[in-house]
Amino acid sequence: MSNDNPRHQSRRDFIRAAAATGGAITLGSLPFLAGCESPAPAGRPIDFPDATLDVVASATRNPLRIPPTVSPSGLTLSPAPATLDLGGGQTSPGLAFNGAFPGPTIRATVGQSASIVMQNGLPEGTIVHWHGLVVPHEADGHPIQAVGPGGSYAYQFALAQRAGLSWYHPHPHMRVGRQVHQGLAGLFIIDDPAELALNLPSGPYDIPLVIRDGRLNASGQLEYVDGVSGHPGNTIFCNGVRDATLNVDTNRYRFRILNASNTRVFTMRLSNAAPFILIGNDGGLLPARVSVTSITIGPAERVDVVINFARQPVGTRIMLTSNFNSQNFDLLEFVVTRSITPTGQVPATLSTIPTYQRAAAVRTRSFSFDGAMRINGVSYDMNRIDFRVPFGDLELWRFSNPNTGTNVNHPVHVHGAHFQVISRTGGRGTVFPWERGWKDTVLLTPLETVEVLVRFDHYRGLYLLHCHRLEHEDMGMMSNFEVV
Ligand code: C2O
Ligand code: CU
Ligand code: CU
């Protein structure tokens, strides 16, 4: 089994790297930073350079757990302070939806409707957004809809979109990073008859995976630092469990994976160099399966993959790893423990997706994600509408990341519609197989420009375009637009 131990970095390296990015550090409460406090220059965000925070793993691994599943009809979701079970007997004070970390997985079939009451049990304002669901403005969890402590918000919406993996998380202005980091996020899965008919791996072989990092302080408690422009953690959680392991049968498994990190990008691989059979992403199944040996996903992106353990001898250990910006660490261990006759299948053709044509776009809009706090030079104002988009028009949106710093990544997210990625120039210079089909979030690493085609033809009203690096979003890298 390959288990590359994370490189350990000295505090001196940290300070050097911080100085290189121009970031000041005011994080004296963190043990590894004690003694290097200095105030941030006014108006300048403080940065945690990703490269300075290594993920550390303990020697023992803890069984993966699967979040409880609930129906969206008549559901009460209550975000509140809770004691989080981090696995391995370790707990931390944090925040949880209905006491669960991550929150319960909401699962429904297309055509059903959702009636959900969010009951705010936090000591501060919040609102819940259904990331990936196309719903009316009133049900979208826009920050102007935030309710105070003890308040509630009633959501009513139809599940009118194809099968896919979406998720939910808080969206109050300037508090998203903290609330998500402290434990508030859960999955929202829609099934549909066309997907069920494919006989993909199901039941115990269909496993949702919320993968994220988090910062544990010296006493092992989740700790969020406000006012930073990025928040890489030192510990990986899979479905809330640190250093997780999963016993698998000699079978095909479907893993629906969400990167629920505030900031961190993962490039996933299997330690035995076996391929992932990529079948879907943000907006559901791809037209056809694709075999890939690595997948890069930024915060909020999802991928749906099948891993085939059918030919592995019992006793085999395989690690799902990540390396990005030359940081290597483990995400999840698989141990083959039982030999069975394989079930499920992965057909070559999975779904039909109409292709948007560039020539059909009626206008182009360009958005520059410069620095950490602005889009096109403007910081978010909840009460200002930045642009208006005619209902039903196909538009070309061009997102660019002019930043050169190796760590300045922007996972760009659009509410209210899914889009199709048509080009990437600069940086990695290509559109990857996991970016085909329908997307709602696309990653921009330094110097990249990505073009997408988007059409808002479901609902009129106020929606959001923002960076999903939660610290950038909280600092104002977000715009309001109205579909008119
Ligand atoms: Cu997942 Cu506007 O966010
Ligand atoms: Cu969203
Ligand atoms: Cu950003």
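The sequence shown begins at 1 in the working numbering and counts up one residue at a time.
Ideal placement from N, C-alpha and C gives every residue a C-beta, glycine not left out.
Model, not experiment: these values are computed from the prediction.
Per DSSP, the bridge partner or partners of D191: Your numbering for residue 191 matches position 191 in the sequence shown. In the DSSP output, where bridge partners are listed per residue, D191 has T109.
Would you kindly report the start and end of the unbroken alpha helix (DSSP H) that includes G177? The sequence position of residue 177 within the sequence shown is 177, counting from 1. Where G177 is concerned, the enclosing alpha helix (DSSP H) stretches over V176 to H181.
Going by DSSP in three states, W434 sits in which element: helix, strand or coil? Indexing the sequence shown from 1 puts residue 434 at position 434. Here W434 sits in helix by DSSP.
Can you grab the Cα-Cα spacing for the pair L33 / L465, in whole Å? Taking the first residue of the sequence shown as position 1, residue 33 is located at position 33. Taking the first residue of the sequence shown as position 1, residue 465 is located at position 465. Low per-residue confidence applies at L33: pLDDT is 27, beneath 50, and the placement is therefore not dependable, though the value from the model is reported in the following sentence. Rounded to whole angstroms, L33 to L465 spans 34 Å at the Cα level.
Taking the C-alpha atoms as reference points, what is the distance between T430 and S423? Counted from its first residue, the sequence shown places residue 430 at position 430. Counted from its first residue, the sequence shown places residue 423 at position 423. If you take the alpha carbons of T430 and S423, they lie about 7 Å apart.
Apart from the five residues just before and just after S479, which ones in its own chain have a Cβ nearer than 6 Å to its Cβ? The residue labelled residue 479 in the question sits at position 479 within the sequence shown. Closer than 6 Å at the Cβ level, and outside the excluded window around S479, lie I375, D386 and L465.
With 16 other Cβ atoms within 10 Å as the buried cut-off, status of L196: For the purposes of this step, residue 196 is taken as the residue at position 196 of the sequence shown. That one is exposed.
Beta-carbon proximity list for S339, same chain, < 7 Å, skipping 5 on both sides: Along the sequence shown, one-based indexing puts residue 339 at 339. T250 and V314.
I need the straight-line Cα distance from Y224 to L246, nearest angstrom please. Residue mapping note: residue 224 aligns to position 224 of the sequence shown, counting from 1. Residue mapping note: residue 246 aligns to position 246 of the sequence shown, counting from 1. Distance between the alpha carbons of Y224 and L246: 28 Å.
Kindly provide the chain-ordered list of residues whose Cβ lies closer than 6 Å to any non-hydrogen atom of ligand 1. H129, H131, H169, H171, A300, H413, H415, L464, H466 and H468
Spatial neighbours of S29 in its chain, beta-carbon cut-off 7 Å, leaving aside the 5 residues before and after: Mapped onto the sequence shown, residue 29 falls at position 29. Its pLDDT being 30, under 50, S29 is placed unreliably by the model, and nothing is read from it.
Return the bridge partner residues of V409 from the DSSP annotation. As a working note, residue 409 is residue 409 in the sequence shown. Checking the displayed sequence, the identity of residue 409 turns out to be Asn instead of Val. For N409, which the question treats as bridged, DSSP gives no partner whatsoever.
Classification of G492 by the beta-carbon crowding that lies within 10 angstroms, buried from 16 upward: In the structure as shown, the chain begins at 1 and stops at 484. Residue 492 is therefore absent and cannot be evaluated.
Extent of the continuous beta strand (DSSP E) to which M268 belongs: Along the sequence shown, one-based indexing puts residue 268 at 268. From DSSP, the beta strand (DSSP E) with M268 extends over F266 to L270.
Ordered along the chain, which non-local residues of its own chain (more than five positions away) have a Cβ less than 7 Å from that of A273? Here residue 273 refers to the residue found at position 273 when the sequence shown is read from its first residue. Closer than 7 Å at the Cβ level, and outside the excluded window around A273, lie T293.
Name the two residues that bound the continuous beta strand (DSSP E) containing L396. Counting from 1 along the sequence shown, the entry for residue 396 is found at position 396. Segment L394 to S400, the beta strand (DSSP E) holding L396.
At which residue ranges does the stretch 68-135 contain complete beta strand (DSSP E) runs of 3 or more residues, listed in the order of the chain? 73-77, 79-87, 90-97, 105-109, 113-119 and 128-131
Please name the residue, chosen from G426, N308 and P275, that lies closest to V248 on a Cα-to-Cα basis. Sequence index remark: in the sequence shown, residue 248 carries index 248 (1-based). The residue with the shortest Cα to Cα distance from V248 is N308.
With a 10 Å radius around its C-beta and 16 neighbouring C-beta atoms as the bar for buried, classify E473 as buried or exposed. The sequence position of residue 473 within the sequence shown is 473, counting from 1. Its Cβ being crowded by 16 or more others within 10 Å, E473 is buried.
Taking all protein chains shown into account, do 16 or more other C-beta atoms lie within 10 angstroms of the C-beta of M373, making it buried, or fewer, making it exposed? On the sequence shown, residue 373 is found 373 positions in, with the first residue counted as 1. Buried is the call here.
Buried versus exposed, by CB contacts within 10 Å (16 or more), G416: If you number the sequence shown from 1, residue 416 lands on position 416. Label assigned to G416: buried.
Look at the alpha carbon of G65 and the alpha carbon of R302, and state the distance between them as a whole number of angstroms. Taking the sequence shown and counting its residues from 1, one reaches residue 65 at position 65. Taking the sequence shown and counting its residues from 1, one reaches residue 302 at position 302. Correcting the residue identity first, residue 65 is Arg in this sequence and not Gly. Approximately 19 Å between the Cα atoms of the pair.
Under 6 Å Cβ to Cβ from S379, same chain only, skipping five residues before and after it: list those, please. For this step, residue 379 is matched to residue 379 along the sequence shown. So the qualifying residues of the chain are M373 and G476.
So is the beta-carbon of F324 under 7 Å away from any non-hydrogen atom of ligand 3? Taking the first residue of the sequence shown as position 1, residue 324 is located at position 324. Result no, Cβ not under 7 Å from ligand 3.
Would you kindly check if the distance between the Cβ of M268 and the Cβ of I295 is under 8 Å? In the sequence shown, counting from the first residue as 1, residue 295 sits at position 295. In the sequence shown, counting from the first residue as 1, residue 268 sits at position 268. Cβ distance < 8 Å, so I295 and M268 count as in contact.
Per DSSP, cross-strand counterpart(s) of D249: Here residue 249 corresponds to residue number 249 of the sequence shown, with the count starting at 1. Bridge partners of D249: R338.
Check: D282 C-beta below 7 Å from any heavy atom of ligand 2: For this step, residue 282 is matched to residue 282 along the sequence shown. No, the beta carbon of D282 sits no closer than 7 Å to any heavy atom of ligand 2.
Is I318 helix, strand or coil when you go by DSSP? Working through the sequence shown from its first residue, we reach residue 318 at position 318. It is a strand residue.
Rounded to a whole number of angstroms, what is the C-alpha to C-alpha distance between H410 and V70? Numbered from its first residue, the sequence shown carries residue 410 at position 410. Numbered from its first residue, the sequence shown carries residue 70 at position 70. The straight-line gap from Cα to Cα measures roughly 32 Å.
Indicate whether T449 and H468 have their beta-carbon atoms separated by less than 8 Å. By one-based count along the sequence shown, residue 449 stands at place 449. By one-based count along the sequence shown, residue 468 stands at place 468. No, they are not a contact pair.
Note the first and the last residue of the continuous alpha helix (DSSP H) segment covering M475. Here residue 475 refers to the residue found at position 475 of the sequence shown. Counting along the chain, the alpha helix (DSSP H) containing M475 begins and ends at L470 to M475.
Collapsed DSSP secondary structure at Y155 in the structure displayed: The residue you call residue 155 lines up with position 155 of the sequence shown. Reduced to three states, the DSSP call for Y155 is strand.
Look at the alpha carbon of T341 and the alpha carbon of G203, and state the distance between them as a whole number of angstroms. Position 341 of the sequence shown, counted from the start, is the residue given in the question as residue 341. Position 203 of the sequence shown, counted from the start, is the residue given in the question as residue 203. If I take the Cα positions, the gap works out to 15 Å.
Shorter than 7 Å, the distance from the beta carbon of R440 to the closest heavy atom of ligand 2, or not? Sequence index remark: in the sequence shown, residue 440 carries index 440 (1-based). The sequence given here places Asp at residue 440; Arg does not occur at that position. Yes, since a heavy atom of ligand 2 falls inside the 7 Å radius drawn around the Cβ of D440.
Buried or exposed: which applies to V134, given that a residue is buried once 16 or more other Cβ atoms fall within 10 Å of its Cβ? Taking the sequence shown and counting its residues from 1, one reaches residue 134 at position 134. The residue is buried, with at least 16 neighbouring Cβ atoms inside 10 Å.
Quick one: using the 10 Å Cβ neighbour count with 16 as the cut-off for buried, is Q145 buried or exposed? Position 145 of the sequence shown, counted from the start, is the residue given in the question as residue 145. With 16 or more Cβ atoms within 10 Å of its Cβ, Q145 is classed as buried.
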